[in-house]
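J.:
Protein chains: 4
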Amino acid sequence: MFDGLNLDKLKEECGVVGVYRSKNIEVANMVYYGIHSLQHRGQESAGIATNDGLNPHFHKGMGLVHEVFNDNIFAKLKGHIGIGHVRYSTTGESYVANAQPLVVKYRKGSIGLAHNGNLINAHLLREKLEEEGVVFQTTIDSEVIVNLIARFSNEGMIYAIERTMELIKGAYALVVMTEEQLIGIRDPHGLRPLCLGKLEEGYVLASESCALDVLGAEFIRDIEPGEIVSIDENGYKIKKFEKTPNKASCIFEYIYFARPDSVIDGVGVYQARKNAGILLAKEHPVDADMVIAVPDTSIPAAIGYAEASGIPFGEGFIKNRYIGRTFIQPEQSLRETTVRLKLNPLKQSVKGKNIVMIDDSIVRGTTSKQIINSLKKAGAKEVHVRVSSPPVAHSCYYGIDTPDRSQLIGAIKTVEEIREILGADSLGYISLEGLLTSTGLQKDTLCNACFSGNYPINLDEMQPYKVNKK
Amino acid sequence: MFDGLNLDKLKEECGVVGVYRSKNIEVANMVYYGIHSLQHRGQESAGIATNDGLNPHFHKGMGLVHEVFNDNIFAKLKGHIGIGHVRYSTTGESYVANAQPLVVKYRKGSIGLAHNGNLINAHLLREKLEEEGVVFQTTIDSEVIVNLIARFSNEGMIYAIERTMELIKGAYALVVMTEEQLIGIRDPHGLRPLCLGKLEEGYVLASESCALDVLGAEFIRDIEPGEIVSIDENGYKIKKFEKTPNKASCIFEYIYFARPDSVIDGVGVYQARKNAGILLAKEHPVDADMVIAVPDTSIPAAIGYAEASGIPFGEGFIKNRYIGRTFIQPEQSLRETTVRLKLNPLKQSVKGKNIVMIDDSIVRGTTSKQIINSLKKAGAKEVHVRVSSPPVAHSCYYGIDTPDRSQLIGAIKTVEEIREILGADSLGYISLEGLLTSTGLQKDTLCNACFSGNYPINLDEMQPYKVNKK
Amino acid sequence: MFDGLNLDKLKEECGVVGVYRSKNIEVANMVYYGIHSLQHRGQESAGIATNDGLNPHFHKGMGLVHEVFNDNIFAKLKGHIGIGHVRYSTTGESYVANAQPLVVKYRKGSIGLAHNGNLINAHLLREKLEEEGVVFQTTIDSEVIVNLIARFSNEGMIYAIERTMELIKGAYALVVMTEEQLIGIRDPHGLRPLCLGKLEEGYVLASESCALDVLGAEFIRDIEPGEIVSIDENGYKIKKFEKTPNKASCIFEYIYFARPDSVIDGVGVYQARKNAGILLAKEHPVDADMVIAVPDTSIPAAIGYAEASGIPFGEGFIKNRYIGRTFIQPEQSLRETTVRLKLNPLKQSVKGKNIVMIDDSIVRGTTSKQIINSLKKAGAKEVHVRVSSPPVAHSCYYGIDTPDRSQLIGAIKTVEEIREILGADSLGYISLEGLLTSTGLQKDTLCNACFSGNYPINLDEMQPYKVNKK
Amino acid sequence: MFDGLNLDKLKEECGVVGVYRSKNIEVANMVYYGIHSLQHRGQESAGIATNDGLNPHFHKGMGLVHEVFNDNIFAKLKGHIGIGHVRYSTTGESYVANAQPLVVKYRKGSIGLAHNGNLINAHLLREKLEEEGVVFQTTIDSEVIVNLIARFSNEGMIYAIERTMELIKGAYALVVMTEEQLIGIRDPHGLRPLCLGKLEEGYVLASESCALDVLGAEFIRDIEPGEIVSIDENGYKIKKFEKTPNKASCIFEYIYFARPDSVIDGVGVYQARKNAGILLAKEHPVDADMVIAVPDTSIPAAIGYAEASGIPFGEGFIKNRYIGRTFIQPEQSLRETTVRLKLNPLKQSVKGKNIVMIDDSIVRGTTSKQIINSLKKAGAKEVHVRVSSPPVAHSCYYGIDTPDRSQLIGAIKTVEEIREILGADSLGYISLEGLLTSTGLQKDTLCNACFSGNYPINLDEMQPYKVNKK
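Residue numbers (this note's numbering), protein chains in the order written: chain A, 3 to 472; chain B, 3 to 472; chain C, 3 to 472; chain D, 3 to 472.
#1: Any residues in the region 368-383 of chain B with a beta carbon nearer than 8 Å to a beta carbon of chain A? Which ones, in chain order?
#2: In terms of residue numbering, what span does the beta strand (DSSP E) encompassing ALA274 of chain A cover?
#3: So what does DSSP say about LEU79 of chain C, is it helix, strand or coil?
#4: If I measure Cβ to Cβ from ILE225 of chain C and keep anything under 7 Å in the same chain, skipping five residues before and after, which residues do I get?
#5: Is the separation between the beta-carbon of SER47 of chain C and that of LYS62 of chain C shorter than 8 Å?
#6: Which ranges would you report for the beta strand (DSSP E) in the region 194-271 of chain D if only whole runs of at least 3 residues count?
#7: Name the residues in the region 12-33 of chain C whose C-beta lies less than 8 Å from a C-beta of chain D; which are they?
#8: Taking C-alpha atoms, which residue in B:VAL70, B:ILE357, B:ASP406 and B:ILE313 lies nearest to ALA382 of chain B?
#9: Consider the Cβ of SER47 of chain D: report whether some Cβ of chain C lies at a distance smaller than 8 Å.
#10: Does SER477 of chain D come out as helix, strand or coil in the three-state DSSP assignment?
#11: Establish whether the CB of TYR108 of chain B and some CB of chain C are separated by less than 8 Å.
#12: Taking the C-alpha atoms as reference points, what is the distance between TYR457 of chain A and GLN334 of chain C?
#13: Assuming LEU343 of chain A is part of the alpha helix (DSSP H), what are its boundary residues?
#14: Within 10 angstroms of the Cβ of ALA77 of chain B, are there 16 or more other Cβ atoms? Answer buried if so, exposed if not.
#15: Between the C-alpha atoms of PRO287 of chain A and LYS276 of chain A, what's the straight-line distance to the nearest angstrom?
#16: Work out the CA separation of CYS452 of chain A and GLY316 of chain A for me, nearest whole Å.
#17: Give a yes or no on whether the minimum CB-CB distance between ASN156 of chain D and chain C is below 8 Å.
#18: Spell out whether any CB of chain D is found under 8 Å from the CB atom of ASN356 of chain C.
#19: When DSSP builds the beta bridges, which residues end up paired with MET64 of chain A?
#20: Among the residues of its own chain, which have a CB less than 7 Å from the CB of TYR272 of chain D, if the five just before and after it don't count?
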């Protein structure tokens with residue numbers, strides 16, 4: 003999508019799925035629908051790898067799930083074990099070579115691996131491996147991980163994974179596939195989500211429970227931080243990695259990334275967002291005629307705000323849902339208002355009214371400014387912006403694409419300055435306390451580094467520049 | 003899109019756009035964004051024709067606007083006059099030969115023409131023309147219309163159009179382009195909408211005002227039934243076709259077809275839908291915990307219902323927006339619940355609640371049944387269905403794709419029978435009176451034949467079977 | 003293909019095929035292989051239309067036969083009657099709208115028509131039809147022809163064709179298809195070839211007999227000038243158009259256009275070319291070490307020259323056969339010698355030798371100059387150019403794409419001047435007399451206007467500028 | 003290309019190109035034209051990798067060179083060093099993952115590598131590496147080679163290559179690229195060809211000298227068996243690998259693989275083929291009317307045979323050059339004679355004649371049988387087959403795709419049996435002695451294992467089944 007039509011949001015970096023079914027039941031179709039239900043987690047590339055018990059098969063490509071696969075490709079994805087991956091759309095370089103799953107041959111057979119997250123010490127591990135003569139064909143962390151697993155593989159796969167987990171630092175939800183088993187791993191802090199479901203004749207692993215719903219799977223439980231779940235013909239077993247520190251799961255899943263119908267670590271995403279709206283109404287009340295949302299992700303918070311404040315909920319924008327990758331560039335006269343191509347203000351609804359506009363997050367502030375301006379032009383008397391997350395002020399190193407701090411409006415401006423830049427009549431962010439409360443989880447089990455700068459994993463070993471996107 | 007993922011709705015049949023700009027200002031880009039903003043009116047094919055004052059240029063193809071055009075094609079679409087067209091996706095045969103605009107050479111130069119609507123006597127006119135030796139290369143009404151215009155063209159284009167209007171019966175909003183002018187025509191009943199906007203250096207004609215918003219055009223006025231607006235370097239002129247009967251504009255534009263941010267014949271679509279929800283709450287009150295909408299088109303009515311009833315508005319479904327044309331067929335076990343791939347119920351929101359589910363219309367009832375069932379499975383205690391339009395009981399012959407009457411559940415079942423089939427705890431349709439009231443228009447100026455069977459145009463001359471889709 | 007890689011030749015303008023088979027035997031596959039065997043007659047677009055006895059079906063597109071069709075498309079091309087068309091690649095504008103066959107509906111059903119040739123009075127007929135109100139959707143002659151046939155169709159198809167033939171002037175080989183019959187027509191001068199073959203269960207019409215070979219059809223006979231052959235379930239009937247003047251079939255078919263394995267009007271193309279080489283050796287003998295051909299079309303003449311002169315035949319160039327439409331432009335340093343990318347001189351074969359290089363024709367002379375230069379650089383001592391056709395000095399108006407006269411080197415330079423421009427050590431063209439003799443046909447039955455300027459059809463009615471390419 | 007249209011030939015397995023130019027001169031265009039001129043060596047996939055002195059860039063894909071690349075891709079292939087690769091079309095599985103060049107990151111930077119040939123001990127080396135924990139992402143030998151080079155890289159690239167050459171056994175012509183240099187390597191037996199050329203501002207390495215001609219490079223010399231040529235900003239240096247055994251370059255390059263305009267190890271390919279024809283005429287004379295070739299590769303031998311025998315050379319077949327990958331399958335009635343679609347006999351040339359048909363090689367004999375039969379049907383009185391290579395009776399393990407011995411007609415039948423199977427009136431193969439003589443090289447410097455079974459490299463370490471195709 004072209005500049006200006008991308009709303010100003012953080013970018014999730016991946017979604018993973020794994021499916022294990024009884025022998026002779028093909029699995030590719032389920033993996034396909036699984037990653038399709040996680041498409042919101044990544045639109046840049048998609049891939050599926052399967053294993054028929056003897057050999058791996060895979061296909062990956064740039065684009066949306068339904069663009070990358072066709073019936074001819076499907077005919078080749080044989081097997082009763084399968085994993086899938088979607089990756090988000092960066093504005094920078096992106097190659098099919100970096101698409102996942104990664105499938106390799108090693109001394110014991112084959113490994114397929116798909117990764118959601120980001121290792122902070124991948125560069126160090128890569129250097130060490132290179133020192134020993136290893137060559138790398140991609141720039142993704144998965145290739146580091148799979149090399150480590152292969153090296154430790156002489157005493158079994160679970161042992162190899164544990165040895166690997168001792169070395170890798172950062173965020174990871176992994177699905178791993180061999181000729182015999184499907185394995186799911188969640189990093190010791192549980193930064194990225196992963197859950198397990200039961201099919202009539204098998205099991206599903208997925209980044210979010212919405213994939214389980216779509217596949218008709220019964221939710222079993224979330225994979226806990228540091229857990230390794232291995233699934234084979236005898237069912238599933240869970241082993242806990244010993245050195246498991248405090249939990250620090252990503253709070254942004256609740257704010258923006260996850261699909262609202264997902265339940266992560268026991269918390270319904272829709273409900274958490276609605277709660278945030280309710281708390282926001284208490285923290286930043288305002289007298290107004292209508293509560294509107296920046297569609298689509300802010301709707302639950304707006305519903306909560308409306309309910310708590312008694313101000314009626316209404317629609318303020320119409321979103322054009324037919325924006326495609328190959329869009330013709332708008333001519334100069336249209337470019338100044340390109341946001342309007344995607345998000346047209348609903349004049350008849352907002353005209354003459356005092357509006358509370360709920361946004362789930364503000365990153366650079368560029369889009370917010372444009373849409374507030376468009377509301378005003380459409381006749382809104384006052385626009386009061388309420389944000390259901392605190393100012394984003396710190397970069398994420400655990401798998402989320404954040405701009406440089408200098409571009410984070412929450413890092414460099416006061417709330418009053420931001421209000422003025424945006425052209426809002428008032429501006430209120432939910433407090434971090436309020437946001438943490440909205441999830442109903444124990445507050446110290448959530449990573450909120452992007453707001454607070456409290457990074458749960460020591461960044462000393464972090465690579466000097468961010469090179470990997472998974 | 004494959005079977006089961008198409009929600010059960012009537013299909014709009016087209017959208018048209020025309021742009022006239024000062025000489026030497028290229029127009030193709032604006033036409034592109036114009037039809038892009040009308041993409042909801044048709045996803046099967048798209049086309050743009052331009053005229054540079056000397057020659058016409060055109061391109062059309064199957065698919066969405068952003069799929070059909072690229073920069074190389076754009077480079078050839080020279081000119082300061084242009085028209086565009088989108089056509090809906092039928093399940094039956096569809097050829098690029100039937101895409102629009104239609105561009106022909108005739109004795110005076112060239113004519114480009116795009117049509118939204120359906121002529122009921124096209125077959126008779128076609129036969130008469132064939133008797134005189136005319137050959138047809140397509141099955142679209144536009145080819146009949148353009149033949150008639152060409153035959154009457156010796157005394158000028160407006161004269162030719164008036165002569166043509168005397169012969170053609172049915173629904174039509176037309177944009178017509180020659181080397182010198184852009185012309186817009188709305189049929190004498192005004193069945194299909196058309197409006198006029200002003201650009202800094204030109205004019206826009208469009209099926210809906212949302213296209214004007216996107217192009218930054220100022221709304222001038224709706225084209226009235228029977229009006230012919232012709233635009234050239236001297237500005238625009240409007241002529242009224244003499245034999246103009248009572249107005250009978252299509253009420254379904256307000257219910258479902260139009261974008262909510264459009265204003266048609268002075269009535270805001272969002273507001274009309276919200277009003278219908280308010281009236282529906284009065285006609286069919288119910289005691290419940292939450293009002294939800296079948297997304298996206300029923301949201302305004304649901305907001306109205308919630309406001310009028312005092313029951314809180316909430317979300318009940320999550321819609322997967324990444325469904326594409328080339329989707330892999332789901333395997334048997336998934337197929338039974340394919341609606342879930344597109345519309346997953348929001349368990350955490352609906353569980354244990356008494357729900358009012360607002361739908362804007364029910365055609366066959368098949369999808370409604372599936373989604374009500376999915377709400378129940380997700381834990382909804384009661385599901386009370388409220389429909390913001392009366393039962394669809396009669397076919398449309400004026401440009402909307404309606405199933406055979408035998409498949410219209412509103413034509414063959416009582417409300418109680420429908421409720422039972424759908425598995426709803428209660429079912430209430432808005433009255434026709436209420437729906438008409440919701441628009442705020444004079445009631446006898448709206449075509450409501452699909453509900454009442456009162457067809458504003460005599461159907462005696464109608465072709466025995468429907469062959470044309472535009 | 004990009005500039006410089008197109009050898010300097012006249013361009014054939016089309017090939018046509020028609021197949022009629024017993025009811026219930028599908029015909030599309032045979033039409034496909036028929037036009038594939040005529041691919042040398044046109045590489046710009048390809049099309050197939052079929053009729054299943056009730057309805058026509060068709061598909062056409064830009065590109066080579068194997069690029070335009072796939073299995074999905076084939077599944078729709080039902081029927082036991084079919085026609086096909088290939089069209090050549092121009093450097094100018096070319097639209098899929100101008101691809102053939104043209105399929106129309108008219109009062110009696112449908113007509114499919116494919117045309118090889120060029121009408122000289124199409125513009126006049128088009129104007130007359132436009133005066134009567136007819137509109138045109140393409141710029142091809144076929145649309146004029148099909149309009150005329152439709153107008154005259156009340157007294158039967160053969161009558162309509164005869165009435166049409168009275169009006170149209172120029173070159174045409176036509177295949178026409180209705181619900182019941184397949185018809186082949188050759189213009190009264192027989193400018194473009196057409197022949198008839200017998201299948202086990204049907205008949206084939208084709209521009210060249212090589213298509214009959216490929217389809218396993220038995221050659222019945224050439225269609226004579228002015229003949230109309232109509233094929234239906236009762237077999238074939240031939241009717242002669244009354245006003246048939248002297249035969250004037252195109253001599254360039256023998257020189258360059260036709261495939262050497264075709265037999266046209268009783269004359270084998272390979273044999274005619276070889277004969278021309280033999281006569282050329284007698285007219286322009288030279289003392290040399292080796293006879294080489296500009297591949298591929300000049301090989302038969304080179305073999306003839308070698309045989310007659312006793313000088314051994316050898317290869318002088320290697321042709322790269324993997325040149326595609328989407329070629330990357332060579333960088334500047336390579337561009338100067340782009341001919342080398344397609345035609346590399348065979349150093350080891352030509353070094354130190356006196357060479358006779360046989361070319362079948364020279365149009366602009368640009369390529370000849372480059373390849374003679376490349377031979378010299380490769381070490382050839384002397385290069386004696388012998389051309390198996392006289393200097394091309396006049397434009398063709400009967401369906402061949404000739405450059406403007408000012409660009410025909412044979413029209414503006416003497417042989418000696420040409421020799422000097424080309425850098426040849428000697429240059430000899432076969433005489434017109436010799437060329438005519440080489441075919442073995444009666445000399446006054448061949449059109450040789452491009453050499454002599456003697457146009458067999460009066461050009462008074464010719465359109466002032468050439469607009470149509472078929 | 004579909005079954006039956008592939009003539010019965012051995013398949014070359016690759017072509018490689020490397021170009022080094024002065025800094026700031028882009029190299030991708032030259033690499034493109036280099037591999038394009040080697041397209042005959044492989045049509046399955048194509049790839050280019052470049053290095054701009056800091057980073058590698060690459061693109062590879064399935065298809066012909068002109069299909070795989072476009073201008074957008076080119077814009078990313080920055081750099082003054084580049085390598086390219088074409089790979090042949092197998093009938094079996096083929097993945098883009100196996101396309102070359104292979105580009106990896108290792109401790110010192112990046113390595114790009116492209117390989118023509120086949121290692122016989124790749125499986126053993128792969129196993130050893132896997133034992134040490136190495137993972138493999140492809141099934142190509144290049145990945146083994148590049149791992150070895152990386153492991154030995156601490157003491158410099160040339161040292162690493164020499165250590166690698168001590169381990170790998172088999173046939174290889176390699177081009178290797180780093181940030182600073184381009185390196186060419188020919189295996190110690192010289193099984194696969196490689197030559198060096200000079201550009202105005204750089205150097206070219208290529209499998210065949212025809213690539214040098216096309217790029218306007220001056221031929222410097224062949225890389226000798228066991229030589230390593232390294233090119234950097236100081237020019238080129240050549241180092242000889244110590245343990246270099248007897249030369250054994252592949253004789254099939256002269257028979258069929260190489261382009262006739264190439265000069266390999268000092269011998270012109272065209273001339274060698276013509277010589278073989280001359281010797282064949284002496285070994286197997288026959289009284290006949292015309293010598294024809296199976297086009298295109300047998301033409302030089304046929305010219306030689308004609309010259310030596312005094313029997314005139316003529317054309318016997320017309321080859322359709324528009325056969326594409328996506329061909330529609332011919333229907334049953336056409337399938338029996340599918341060879342005719344590609345190779346139609348030239349009736350007018352062969353009818354009533356005694357024919358000598360020269361073929362450069364016979365592998366399975368299936369195509370030969372069909373085309374001899376087609377000549378007979380076309381009226382040839384007698385068909386005397388003369389083959390310019392001995393019977394192929396042994397599989398190749400050095401990079402050529404040979405069928406299983408049981409399918410090699412020369413391995414399982416006597417010449418008289420073959421003659422009878424083919425339906426030829428007589429059959430003569432050139433003697434191995436004669437073939438060796440035709441090249442003018444010392445006889446013991448050529449690998450002729452496919453005829454004699456004398457394998458120059460001990461096959462003891464050979465992998466039990468052939469898995470790798472490069």
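Think of the CB as a built atom: it goes at the ideal place given N, C-alpha and C, for glycine as much as any other residue.
All values reported here derive from a predicted model rather than from experimental measurement.
T.: Let me lay it out:
#1: none
#2: Numbered from its first residue, the first sequence carries residue 274 of chain A at position 272. Taken as a continuous stretch (DSSP letters only), ALA274 of chain A belongs to no beta strand (DSSP E), being part of the alpha helix (DSSP H) at 271-285.
#3: Residue 79 of chain C sits at position 77 when you count from the first residue of the third sequence. It is coil, neither helix nor strand.
#4: Residue 225 of chain C sits at position 223 when you count from the first residue of the third sequence. These residues qualify, in order along the chain: GLY186, ARG188, LEU196, CYS197, LEU198 and VAL231.
#5: Residue mapping note: residue 47 of chain C aligns to position 45 of the third sequence, counting from 1. Residue mapping note: residue 62 of chain C aligns to position 60 of the third sequence, counting from 1. Yes. Within cutoff.
#6: 197-201, 204-208, 220-224, 229-234 and 237-242
#7: GLU28, ASN31 and MET32
#8: Within the second sequence, numbered from 1, the residue matching residue 382 of chain B stands at position 380. Taking only the C-alpha atoms, the option nearest ALA382 of chain B is B:ILE357.
#9: Sequence index remark: in the fourth sequence, residue 47 of chain D carries index 45 (1-based). So no, SER47 of chain D is outside the interface.
#10: Look at the range of chain D in this structure, 3 to 472, and you will see that residue 477 of chain D is not part of it.
#11: Taking the second sequence and counting its residues from 1, one reaches residue 108 of chain B at position 106. Closer than 8 Å: yes.
#12: Counting from one through the first sequence, the residue named residue 457 of chain A turns up at place 455. Counting from one through the third sequence, the residue named residue 334 of chain C turns up at place 332. Whole-angstrom Cα-Cα distance: 55 Å.
#13: Numbered from its first residue, the first sequence carries residue 343 of chain A at position 341. 341-344 is the extent of the alpha helix (DSSP H) around LEU343 of chain A.
#14: On the second sequence, residue 77 of chain B is found 75 positions in, with the first residue counted as 1. By the neighbour-count rule (16 or more Cβ atoms within 10 Å), ALA77 of chain B is not buried but exposed.
#15: As a working mapping, residue 287 of chain A is identified with position 285 in the first sequence. As a working mapping, residue 276 of chain A is identified with position 274 in the first sequence. Rounded to whole angstroms, PRO287 of chain A to LYS276 of chain A spans 16 Å at the Cα level.
#16: Translated into positions along the first sequence, residue 316 of chain A becomes position 314. Translated into positions along the first sequence, residue 452 of chain A becomes position 450. Each residue's Cα considered, the two are about 31 Å apart.
#17: Working through the fourth sequence from its first residue, we reach residue 156 of chain D at position 154. Cβ-Cβ to chain C under 8 Å: no for ASN156 of chain D.
#18: As a working note, residue 356 of chain C is residue 354 in the third sequence. So no, ASN356 of chain C is outside the interface.
#19: Taking the first sequence and counting its residues from 1, one reaches residue 64 of chain A at position 62. In the DSSP output, where bridge partners are listed per residue, MET64 of chain A has A:SER47.
#20: For the purposes of this step, residue 272 of chain D is identified with residue 270 of the fourth sequence, where counting begins at 1. Counting only Cβ-Cβ distances below 7 Å, and skipping sequence neighbours, we find PRO262, ASP263 and PRO302.
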